[in-house]
Amino acid sequence: MMRNDPIKHVFIWPAVLVVLAISIFPLIYSLTTSFLSYRLIPPIPPRVVWFGNYVSLLQEPRFWNAIYTTTLIAFIAVGLQYTIGFAVALALNARVPGERLFRVALLLPMLLAPVAVALVARMIFNPTMGPLNQLLGRFGLVNLPFLTNGHWALGCIIAVEVWQWTPFVVLMMLAGLQTLPEDVYEAAELENASAWQQFWGITFPMLLPISAAVVFIRLIESYKIMDTVFVMTGGGPGVDTETLTLFAYQEGFKKFNLGYTSALSFLFLIAITIIGVTYLALLRPHLEKRR
Amino acid sequence: MLRRTFLMLATSLATACAASQVNAACSPDYTGVTLTVASQTGPYIASALKLGADEWTKKTCGKVNVVEFPWSELYPKIVTSLTQSDATFDLVSFAPAWLPDFVPYLSEMPKEMQSGKDWDDIEPAYRERLMVWEGKIYSQSMDGDVHTYTYRMDLFSDPKEKDAFKAKYGYDLAPPKTWKQYLDIAEFFQRPEKGLWGTAEAFRRGGQQFWFFFSHAAAYTNNPNYPGAMFFDPETMDAQINNPGWVKGLEEYIRASKVGPPNALNFSFGEVNAAVAGGQVAESIGWGDTGVIAADPEQSKISGKVGSAMLPGSDEIWNAKTKKWDKFPSVLPGPFMAFGGWQIAVPKAGKNQQAAWDFVKTLTSPEVSGQAAITGGSGVNPYRKSHTANLQLWSKIFTPEEAKEYLGAQSDSINAKNVALDMRLPGYFSYTEVVEIELGKAVAGQTTPQAALDAVAKEWNRLTDEFGRAKQLAAYRAAMGLPPKN
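Protein sequence lines, in the order shown, are assigned to chains A and B.
If you're matching positions, the first sequence starts at 12 in the working numbering and goes up one per residue.
If you're matching positions, the second sequence starts at 625 in the working numbering and goes up one per residue.
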């Protein structure tokens, strides 16, 4: 078959049309909706407001609060996941006794549905029946407002995120560690390099590309956090734990304010893109040094 | 050959006779019909629907499939199905407040169901008000909901407690007539060292919290001199939620949060019931489920000691027209039809409408609904006259004294002249969401009651303008039972 054989169109166009139909069209439809004042309940005929929804959102303190809360959860949770995950991966790579058991056990949280994890967490943090407060009570300590105080509730959500997703980091970093060449470490040993020097001089730089990828994936995923917050706090108290996706859910599926929600989704997309691009731009010099 | 033909004919005849005998037991015959009902996750309401489904299957040979969704998911699921005009659900069970949003997609109740003995047996507050929208009937109450007061009879009748209470507050320990007395009682019994707390109410966002706040505020804002002005001015549709009556209600609601079990701020109605049945609190307010659960020895530590009364009231009520407090010669009780009781309706898009309405008839019949009302955890509270009149029915779960107080509180509240109706408006969730958010902030001490309610009022007015003030005003007046404005 020649490169300019017209038969290629028969193979290419159906695929292009399917992609257009299932991904590009909804995106364009959603973008169009974001320029409308469009409510399903109560039914109000759509009206073009151009950037009205975007302007309202940018002037809405609740939107900025959701950005702040999501960013806080994402950065702290991913930071802790990476630090703990890397440390555990190093330990497992050192072939500790029972390493296989640890590896399987560590994977379990990641395999659970976030909704199930959040339900269990909600029970653990339950003010009166939860084992955590009962334990504190046994030691004569006061009940802590785990899910009723904004700061505590954020802490609890971050703790659950760290518990569930650290295994992902462990898995990825362990895979990276196992690909590192032995001879570099042997050479370092001959030079009397300490374990700390070996880590900072060899392990960390050599794992930088995979670290960058892991943190990037987790960061993007954390920005999409919804089910954990929905089940544990519902965004409360007030809007103290309301994330961007939960805010979008409330507007879209509780109030059926479709135009506003579409605009919110696009602002979310822009925010995520800015964070992703900035992150990659900051890392680029370090990654290029590695090439 | 002839013999074989005769044999076959005889066999077919016998089969046909047998089939007609089976079908004769199905009246009306809905063999092969399966109805799908949308419900909130059980046991509340879903179990009552299943009870009705069993009866309907016995009667008609049709089947009912109850599809359950968590409370927070029920509204979006129903709206999505209705607005797309798909026939996913033959019936939908929902809160009365959602009726204005659903009306365009619901079928009207058949006229023959709107008369007769069973129809007249429904309490007028439901039959003539909550089930009606713009003069038409689109749904049937399957539950009655009014907030009442529950207390521990053993504590209230203890001579030592009575003496100590009188010495401290200067009046007798008894079910409170005013919200001040309610808070005094809560404060008096607040004894954390003994595992006893004052009161339990719902304070959790998404945990039915705003209805508890509305119950406090109803006493100060539902003014008989200016009916229907509790939530909005029925002349202008201006939000009233930041007037002094509402602020007083919120201040007291916040005070109630401080005389409850630890972390009461995380309580939804389920936790309130657990606290009452566990004997942790001296009093509480809430729906009729509290009394039924607390009376059940299998679920409760205080069965046999459950007292009930109407909600406290006030002798001063804010007048939204004159913008002054109206003083009344005596305390007016402030019953509030919080939520208003589950409704069931048949979507226009449903393919089995006749069968669906027949199921509604069975489900809400005095016999089936009466059984559901006395079943703890069914979520069904009295909404028929026969429910509260039949003391014998209730003797299965209550002592005679408990039954008398419980049924008296229910009946008196529903039939009170000044009973406050819950808000029903198109875009209901948009209105209540901001209440939930600001309540959370006020209860957590992040903002003052006045500032929180000012924020709610501002958003309510903005929403009203966005949805169309004239349309919302007409809907609000209809919901409050007021005639259309010329």
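We treat Cβ as the ideally placed atom computed from N, Cα and C, and that holds for glycine.
- [ ] Locate the alpha helix (DSSP H) running through E692(B), then write down its first and last residues.
- [x] For E692(B), there is no enclosing alpha helix (DSSP H); the enclosing beta strand (DSSP E) has its first and last residue at K687 to F693.
TODO: Note down, one range per segment and in chain order, each beta strand (DSSP E) of at least 3 residues found wholly within the region 748-823 of chain B.
DONE: Listed in chain order, the complete beta strand (DSSP E) runs (minimum 3 residues) inside the region 748-823 of chain B are 763-765 and 772-776.
- [ ] Would you kindly report the start and end of the unbroken alpha helix (DSSP H) that includes T94(A)?
- [x] Where T94(A) is concerned, the enclosing alpha helix (DSSP H) starts and stops at P72 to N104.
Task: At least 3 beta-carbon pairs within less than 8 Å: the region 785-792 of chain B vs the region 992-1003 of chain B - done: By the Cβ criterion, the region 785-792 of chain B is not in contact with the region 992-1003 of chain B, since fewer than three pairs of Cβ atoms, one from each stretch, lie closer than 8 Å.
Open item on the list: For the region 703-716 of chain B, list every residue whose C-beta sits within 7 Å of some C-beta in chain A, in sequence order.
Closed with: Within the region 703-716 of chain B, those residues whose Cβ lies closer than 7 Å to any Cβ of chain A are, in chain order, V703 and T707.
Open item on the list: One question on the structure: do V896(B) and E811(B) come within less than 9 Å of each other, judged by their Cβ atoms?
Closed with: With contacts defined by Cβ atoms closer than 9 Å, V896(B) and E811(B) do not form a contacting pair.
TODO: Anything in the region 1079-1093 of chain B with a Cβ closer than 7 Å to a Cβ of chain A? List those residues in chain order, please.
DONE: Result list: F1091.
Open item on the list: With H, G and I counted as helix, E and B as strand and the rest as coil, what does DSSP make of M854(B)?
Closed with: DSSP places M854(B) in coil when its eight states are reduced to three.
Task: Minimum length 4: unbroken alpha helix (DSSP H) runs contained in the region 892-919 of chain B - done: Here the runs fully enclosed are 893-901 and 913-919.
Task: Members of the region 876-905 of chain B near chain A, C-beta cut-off 7 Å - done: Taking 7 Å as the cut-off between beta carbons, the residues of the region 876-905 of chain B near chain A are P885, P886, N887, L889 and N890, in sequence order.
Task: Of the residues D939(B), N867(B) and N1005(B), the one placed nearest K947(B), counting alpha carbons only - done: Ranking D939(B), N867(B) and N1005(B) by Cα distance to K947(B) puts N867(B) first.
TODO: Return the chain-ordered list of same chain residues with a C-beta closer than 7 Å to the C-beta of A888(B), the five sequence neighbours on each side being excluded.
DONE: Short of 7 Å from the beta carbon of A888(B), and not among the five residues preceding or following it, lie these beta carbons of its own chain, in chain order: A824, F827 and S881.
Task: Presumed contact (8 Å Cβ cut-off) between V930(B) and A918(B), rounded CB distance - done: Distance from V930(B) to A918(B) at the Cβ level is roughly 5 Å; contact confirmed, criterion being Cβ atoms closer than 8 Å.
Open item on the list: Is the beta carbon of L68(A) closer than 9 Å to that of L278(A)?
Closed with: In this structure, L278(A) places its C-beta atom within 9 Å of the C-beta atom of L68(A).
Open item on the list: With DSSP as the reference, identify every bridge partner of F718(B), one or two as the case may be.
Closed with: Residue pairing from DSSP places F718(B) in a beta bridge opposite Q967(B).
TODO: Specify, as a first and last residue, the run of the alpha helix (DSSP H) that Q175(A) falls within.
DONE: Counting along the chain, Q175(A) sits inside the alpha helix (DSSP H) bounded by residues G161 to L188.
Task: Any C-beta of chain B under 9 Å from that of P54(A) - done: Closer than 9 Å: yes.
Task: Under the three-state DSSP convention, the category D933(B) falls into - done: Asp is not the amino acid found at residue 933(B); the sequence shown has Ala there. Note: A933(B) maps to strand in three-state DSSP.
- [ ] Taking only runs that begin and end inside the region 181-234 of chain A, name each unbroken alpha helix (DSSP H) of 4 or more residues, in chain order.
- [x] Look at the region 181-234 of chain A and you find these whole runs of alpha helix (DSSP H), each 4 residues long or longer: 193-201, 206-209 and 219-234.
Open item on the list: Does the contact criterion of 3 or more C-beta pairs under 8 Å hold for the region 1059-1072 of chain B versus the region 833-841 of chain B?
Closed with: Flag = yes, the region 1059-1072 of chain B and the region 833-841 of chain B touch.
Open item on the list: Give me the chain A residues within the contact set of A919(B), using Cβ-Cβ distance strictly less than 7 Å, ordered along the chain.
Closed with: Neighbours of A919(B) on chain A: none; closest Cβ ~22 Å, over 7 Å.
Task: Three-state class that DSSP yields for Q664(B) in the structure shown - done: Strand at Q664(B).
Task: Distance between beta carbons of Y844(B) and S932(B), contact taken as under 8 Å - done: Between S932(B) and Y844(B) a beta carbon distance of about 23 Å is seen, past the 8 Å cut, so the two are scored as non-contacting.
TODO: Count the C-beta pairs between the region 236-256 of chain A and the region 32-46 of chain A that are closer than 8 Å, then say yes if the count reaches three, no if not.
DONE: The region 236-256 of chain A is not in contact with the region 32-46 of chain A.
- [ ] Quickly, what does DSSP pair T59(A) with across the bridge? List them, please.
- [x] First, the residue type needs correcting, since residue 59(A) is Val and not Thr in the sequence shown. The partner list for V59(A) (beta bridge, DSSP) reads L47(A).
Open item on the list: Let me confirm a value: A640(B) is counted as buried when at least 16 other C-beta atoms fall within 10 Å, else exposed. Which label applies?
Closed with: Because A640(B) carries a pLDDT of 48, less than 50, the predicted location of this residue cannot be relied on, and no value is offered for it.
- [ ] Would you kindly work out how many angstroms separate the C-alpha atoms of Y654(B) and V690(B), rounded to a whole number?
- [x] When rounded, the distance between both Cα atoms is 17 Å.
Open item on the list: Taking a contact to mean a Cβ-Cβ separation below 9 Å, would you say I669(B) touches M766(B) in this structure?
Closed with: In this structure, M766(B) lies closer than 9 Å to I669(B) by Cβ.
Open item on the list: Could you check whether the Cβ of S696(B) sits closer than 9 Å to any Cβ belonging to chain A?
Closed with: Interface criterion met: the Cβ of S696(B) is under 9 Å from a Cβ in chain A.
- [ ] Express the C-alpha separation of E1057(B) and E71(A) in angstroms, rounding to a whole number.
- [x] Roughly 15 Å separates the two Cα atoms.
Task: DSSP three-state assignment for D16(A), whether helix, strand or coil - done: In the three-state reduction of the DSSP assignment, D16(A) falls in the coil class.
Open item on the list: Short of 7 Å in beta carbon distance, which residues of its chain neighbour M183(A), apart from the five on each side in sequence? Order them along the chain.
Closed with: Excluding sequence positions up to five before and after M183(A), its CB lies within less than 7 Å of the CB of I221 and V225, all in the same chain and listed in chain order.
Task: Cross-chain neighbours of F46(A) in chain B, by beta carbon under 8 Å - done: Chain B residues near F46(A): none, gap ~17 Å exceeds 8 Å.
Task: Cutoff 9 Å: I1021(B) Cβ touching any chain A Cβ - done: False, the Cβ-Cβ gap to chain A never drops below 9 Å.
Task: For S1054(B) and L1017(B), believed in contact at Cβ under 8 Å, the rounded distance - done: Incorrect: roughly 41 Å between the Cβ atoms, too far for contact.
Open item on the list: I'd like to check one pair, L715(B) with I909(B): are the Cβ atoms closer than 9 Å?
Closed with: Not a contact, by the Cβ cut-off of 9 Å.
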